[in-house]
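Down below is the structure, laid out as structure tokens.
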Amino acid sequence: LPVSGMSIMEYLHFDLFFHSWWWIIPHNFFHSLVINGVLIGLGWWLWRKNRPWGIPLFWLAISTQFHTLIDIFTHTSDGPLLFFPLNWSYRFASPISYWESGSYGSLFIIFEYTLDALLLIYLGWIWYQQRQTATT
């Protein structure tokens, strides 16, 4: 339960996020360069052995590693634990944050929303083109 005077979000972000092992482990499991690297290698090996879980595991690990790399460079105070589970404290403090206004968060949100809009327009255009092709 939150300490008196803290909102639930403050409790989650400023207390559990940094100090609670039962919060840190599940949050950082797929945000770890180490774990994702092992999963990429395991997925690759299983793929080469024609095991059914090889391909999905490989691509899951690639996508979580890609997400982690983005997080490393867009979080100032709350980045992922880079070497978890080998190190439970090292976080890279990026000069850019996607949400902290003191670290260009107010500018980054413009970039992020613009990128979102462009991707939606692109995907909508692809969908529209496929519908036109299917009906002709």
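According to our numbering, the residues represented by the sequence shown are 31 to 166, in order. By construction, the Cβ of each residue, glycine as well, lies at the ideal position given by its N, Cα and C atoms.
Counting along the chain, T144 sits inside the alpha helix (DSSP H) bounded by residues G135 to T165. Counting the other Cβ atoms within 10 Å of the Cβ of R78 gives fewer than 16, which makes it exposed.
Using a Cβ distance threshold of 7 Å, F114 and N58 count as a contacting pair.
Take F88, set aside five residues on each side of it, and the residues of its chain with a beta-carbon closer than 6 Å to its own are G73, W74 and W77, in chain order. In the structure shown, the three-state DSSP call for L76 is helix. Your pair D108 and F47 checks out as a contact, with CB atoms roughly 7 Å apart and the cut at 8 Å.
Between the alpha carbons of A91 and L69 lies a distance of about 6 Å. Take the alpha-carbon of H97 and the one of M36: they are about 30 Å apart.
Residue state for L63 is assigned as helix, using DSSP reduced to three classes.
With a 10 Å radius around the Cβ and a threshold of 16 neighbouring Cβ atoms, T144 comes out exposed. Shortest Cα-Cα distance from I100 to any of F138, G84 and N117 involves F138. If you draw a 10 Å sphere on the C-beta of R121, you find 16 or more other C-beta atoms in it, and that means buried.
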